[in-house]
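Asker: Sequence positions in the sequence shown follow this note's numbering and run 116 to 496. Cβ coordinates follow ideal geometry from the N, Cα and C atoms, glycine included. Below is a structure I'd like to ask you about.
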Amino acid sequence: MRWAWADVDLAAIAHNIDVIRRTLASDDATPAAVWAVVKADGYGHGAVAVARTAIDAGAVGLCVALTQEGVALRDAGITAPILLLSEQPAEEAAAIVAHSLTPTVYTRTGIAALDDAARGGGPRLGVHLKVDTGMHRAGAQPIDAVAAADAIAGSTSLYLAGVFTHLAVADEPSAPSNGLQLERFDEVLASLRTAGHEPSVVHAANSAAALALPAARRDLVRLGIAMYGIEPGPDVRRLCRELRPTLSLHARVSLVKTVRAGEGVSYGLRHVFEHDAVVATVPIGYADGVPRRLFDSGGEVLLHGRRVPIVGVVTMDQLMLDCGDLPVAVGDEVVLIGAQHGSAGSDAIGAEEWAARLGTIGYEIVCGISKRIDRRLRPTS
Ligand SMILES: Cc1ncc(COP(=O)(O)O)c(C=O)c1O
């Protein structure tokens, strides 16, 4: 029972899916389905638990980045459709077929490898064709989309189950590139149709697009960060008010001492106390995902519901707090991300706050909480 852990609030995951599903249903006569994105171990929350919760809450499919991530979900007994969001190495084709994962394709090599692996008289394997409409990370170029669809249709063991794209700037809904990417996507869909290809599903939206760009919703939305209760970016904050954070990060004070005025603390002695200070040591550090530079950027934690500053650089396994005039004892709970239940204050520290301090995004914060931190699952009911 290490004195540093994360709580994962599965009820909040279910709540967030419900919020998104209600939003989709209130705006559209045929609302898009929700597919839950659980790559990177469910954005650091625990993929299996999140996947089960999401399916129970009405998600109809799951998305992962890697074959191994899909295999792990299958090994845990999850039977829902699982989409691999990008094309995987040809050597993994057999594992993709054996575990009934839904591959994404965009190269002739990828299509051929899956065609070979899926041969054997069973039903055809549905694949999704990803089209790069402007992000220039992954996908077939629009001009090559019909040829790729022809190759899928001409194979002996595959069929075109879906066509999708990904928006580069969905978190800035008014950016012109969103409209441009969707326009290019629609042109590709039209030329596929003209060539006789009619995929059963079409998709383009991540969380930000699902919330802020109704034109991107199509048949399903690939819901990641919003399901975890974290805003995709400041420009969509107003659409995230009903979402609840799902991960909180906690530790307990392991040592308390008084440090005299003029003394410094932590490596480099970069914080020097002007007055005698009560300093608490907390056994969590950068090897756990608390960035070393959180100190330089004014990082704070909650102690008895009140904010206290991190003093000195965060070390690999421990960090120090200036407790001011707060009473503090070994064993007291410190909240690094989240709210402090049972305390007087209603203050909370979000992953977004760390992200703003550190010049990054909430995604990187939660994905960065390392395997050393035990995830304690709080059930849905
Ligand atoms: C292709 C694709 N779709 C959907 C998502 C989910 O995005 P978000 O977490 O912003 O909802 C991701 C995440 O990076 C992605 O790569």
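Using DSSP with H/G/I as helix, E/B as strand and the rest coil, what is residue 482?
Answerer: Within the sequence shown, the letter at position 367 stands for residue 482. Looking at residue 482 - three-state DSSP - the assignment turns out to be helix.
Asker: Does ligand 1 have a heavy atom nearer than 7 Å to the CB of residue 292?
Answerer: Looking up residue 292 in the sequence shown gives position 177. No, since every heavy atom of ligand 1 falls outside the 7 Å radius drawn around the Cβ of residue 292.
Asker: What residues are listed by DSSP as bridge partners for residue 245?
Answerer: Locating residue 245 in the sequence shown gives position 130, where the first residue counts as 1. Its beta-bridge partners are 279.
Asker: Which residue or residues does DSSP assign as beta-bridge partners of residue 372?
Answerer: To locate residue 372, count along the sequence shown from 1; it is residue 257. Paired residue(s): 394.
Asker: Assuming the contact rule is C-beta atoms closer than 8 Å, residue 257 and residue 287 should be a hit. Round their C-beta distance to whole Å, please.
Answerer: Reading the sequence shown from its first residue, position 142 is the one you call residue 257. Reading the sequence shown from its first residue, position 172 is the one you call residue 287. Incorrect: roughly 23 Å between the Cβ atoms, too far for contact.
Asker: To the nearest angstrom, how far is it from the Cα of residue 460 to the Cα of residue 445?
Answerer: Here residue 460 corresponds to residue number 345 of the sequence shown, with the count starting at 1. Here residue 445 corresponds to residue number 330 of the sequence shown, with the count starting at 1. Cα-Cα distance, rounded: 21 Å.
Asker: On the criterion of 16 or more Cβ atoms from any shown chain inside 10 Å, does residue 381 qualify as buried, or is it exposed?
Answerer: Residue numbering aside, residue 381 sits at position 266 when the sequence shown is read from its first letter. With 16 or more Cβ atoms within 10 Å of its Cβ, residue 381 is classed as buried.
Asker: Which of the three DSSP states, helix, strand or coil, is assigned to residue 355?
Answerer: Here residue 355 corresponds to residue number 240 of the sequence shown, with the count starting at 1. Helix, per DSSP.
Asker: Looking at the strands, I want to know which residues DSSP matches up with residue 494.
Answerer: Along the sequence shown, read from residue 1 onward, the residue named residue 494 stands at position 379. None; residue 494 has no bridge partner.
Asker: So, are the CB atoms of residue 326 and residue 138 less than 8 Å apart?
Answerer: Position 211 of the sequence shown, counted from the first residue, corresponds to residue 326. Position 23 of the sequence shown, counted from the first residue, corresponds to residue 138. Yes, Cβ-Cβ distance for residue 326 and residue 138 is below 8 Å.
Asker: For residue 175, count neighbouring Cβ atoms within 10 angstroms of its own Cβ and tell me buried if that reaches 16, exposed if not.
Answerer: By 1-based counting over the sequence shown, the position of residue 175 is 60. Looking at its Cβ environment, which holds fewer than 16 other Cβ atoms inside 10 Å, residue 175 is exposed.
Asker: Once DSSP output is grouped into helix, strand and coil, what is the label at residue 130?
Answerer: For this step, residue 130 is matched to residue 15 along the sequence shown. Reduced to three states, the DSSP call for residue 130 is helix.
Asker: Measuring from the CB of residue 281, is there a heavy atom of ligand 1 at a distance below 7 Å?
Answerer: Counting from 1 along the sequence shown, the entry for residue 281 is found at position 166. Answer for residue 281: yes, Cβ within range of ligand 1.
Asker: Smallest Cα separation from residue 133: which of 328, 172, 412 and 146?
Answerer: The residue labelled residue 133 in the question sits at position 18 within the sequence shown. Of the candidates 328, 172, 412 and 146, the one whose C-alpha sits nearest the C-alpha of residue 133 is 172.
Asker: Confirm, please, whether the CB-CB distance from residue 255 to residue 273 is below 8 Å.
Answerer: The sequence position of residue 273 within the sequence shown is 158, counting from 1. The sequence position of residue 255 within the sequence shown is 140, counting from 1. No.
Asker: Do you know whose CA, among 202, 213 and 230, lies nearest residue 220's CA?
Answerer: Here residue 220 refers to the residue found at position 105 of the sequence shown. With distances taken between Cα atoms, residue 220 lies closest to 202.
Asker: Does DSSP classify residue 291 as helix, strand or coil?
Answerer: The sequence position of residue 291 within the sequence shown is 176, counting from 1. If DSSP states are grouped into helix, strand and coil, residue 291 belongs with the helices.
Asker: Could you pull out every residue in the same chain whose Cβ sits closer than 6 Å to the Cβ of residue 348, ignoring the five residues on either side in sequence?
Answerer: Stepping through the sequence shown from its first residue, residue 348 is reached at position 233. Closer than 6 Å at the Cβ level, and outside the excluded window around residue 348, lie 286.
Asker: In its own chain, which residues sit with a C-beta less than 6 Å from the C-beta of residue 127, not counting the 5 before and 5 after it?
Answerer: In the sequence shown, counting from the first residue as 1, residue 127 sits at position 12. If we look at residue 127 and ignore the five residues flanking it on each side, its Cβ neighbours are 344, 359 and 361.
Asker: For residue 253 and residue 246, I'd like the C-alpha separation in whole angstroms.
Answerer: Along the sequence shown, read from residue 1 onward, the residue named residue 253 stands at position 138. Along the sequence shown, read from residue 1 onward, the residue named residue 246 stands at position 131. Cα-Cα distance, rounded: 8 Å.
Asker: Any heavy atom of ligand 1 closer than 7 Å to the CB of residue 322?
Answerer: One-based indexing of the sequence shown puts residue 322 at position 207. Flag set: Cβ of residue 322 near ligand 1.
Asker: Any heavy atom of ligand 1 within a distance shorter than 7 Å of the CB on residue 178?
Answerer: In the sequence shown, the residue the question calls residue 178 occupies position 63. Within the cutoff, so yes.
Asker: Identify the residues that DSSP records as bridge partners of residue 124: which are they?
Answerer: To locate residue 124, count along the sequence shown from 1; it is residue 9. Looking at the DSSP assignment, residue 124 forms a beta bridge with 493.
Asker: Among 136, 433 and 237, whose alpha-carbon lies nearest the alpha-carbon of residue 357?
Answerer: Against the sequence shown, residue 357 aligns to sequence position 242. Among 136, 433 and 237, the Cα nearest to that of residue 357 belongs to 136.
Asker: Please identify the residue among 350, 261 and 333 whose C-alpha is closest to the C-alpha of residue 307.
Answerer: Within the sequence shown, residue 307 is the residue found at index 192, counting from 1. Minimum Cα distance to residue 307 is reached at 261.
Asker: Relative to the C-alpha of residue 116, which residue among 434, 487 and 478 is closest?
Answerer: As a working note, residue 116 is residue 1 in the sequence shown. Of 434, 487 and 478, the residue nearest in Cα terms is 487.
Asker: What would DSSP say about residue 415, mapped onto helix, strand or coil?
Answerer: Indexing the sequence shown from 1 puts residue 415 at position 300. Residue 415: strand per DSSP, three-state reduction.
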